[in-house]
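J.: Provided herewith is a single structure, encoded as structure tokens, for subsequent inquiry.
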Amino acid sequence: MSLRHLTLALALAIFTSQVLAHHGFAGRYDEENLITIEGTVVELQMINPHAMLIVAVRGEDGRVVRWNGLLGTVASMTNEGWTRDTLKPGDRIAVHGAPAVEGAPDMLLMHESIITLLDTGEEVRNTMGAESGQRGF
5 MSLRHLTLAL ALAIFTSQVL AHHGFAGRYD EENLITIEGT VVELQMINPH AMLIVAVRGE
65 DGRVVRWNGL LGTVASMTNE GWTRDTLKPG DRIAVHGAPA VEGAPDMLLM HESIITLLDT
125 GEEVRNTMGA ESGQRGF
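Residues are numbered in our numbering as their position in the sequence shown, beginning at 1, plus a constant of 4.
Following this line, the structure appears as structure tokens:
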């Protein structure tokens, strides 16, 4: 094998592993048993590679737990009309999505997830669903 072929094979192996690691959602979230949480927006982080929604949820014991919601890419969300102000700190919301399998306060907010602004009833849909024909708002 020439040095050129070896270099190409090594580059492909490294690139492929990075792509697979980046989209390793399988087994991390229970997409068969979606849940709904209600809470208050702490922050919408419009950062790459995926936006993140942080929500403060008060449990039955009165303690507040911060949930992390993994959203789509910033580019796809922006194309669907999302901005840094789509969800603002203090907004009361209900979030319907796939919970983490291991019970951590994490959710996958892609595919069929819905975020509802509780004060207005307005639904905000994720970008992955919008890419399949739904409109983001």
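Glycine included, every Cβ here is placed at the ideal spot set by N, Cα and C.
Since Val59 and Gly73 are thought to touch, with beta carbons under 8 Å apart, how far apart are those beta carbons, to the nearest angstrom?
T.: 7 Å
J.: Give every residue of the same chain whose Cβ lies closer than 7 Å to the Cβ of Arg88, excluding the five residues on either side of it in the sequence, and list them in chain order.
T.: Around Arg88, the same chain offers Leu48, Met50 as residues with beta carbons nearer than 7 Å, after the five sequence neighbours per side are excluded.
J.: Report the three-state DSSP secondary structure of Thr1 (helix, strand or coil).
T.: The shown model of the chain, from 5 to 141, leaves out residue 1, and the question about it has no answer.
J.: Within 8 Å (strictly less), CB to CB, does Pro93 reach chain D?
T.: Here there is only one protein chain, and chain D is not present.
J.: My understanding is that Ala104 touches Asp110, with C-beta atoms under 8 Å, so please give their C-beta distance in whole angstroms.
T.: With 8 Å as the limit, Ala104 and Asp110 qualify as a contact, their Cβ atoms being about 4 Å apart.
J.: Using only the alpha-carbon positions, how far apart do Leu122 and Arg8 sit?
T.: The C-alpha of Leu122 lies about 59 Å from the C-alpha of Arg8.
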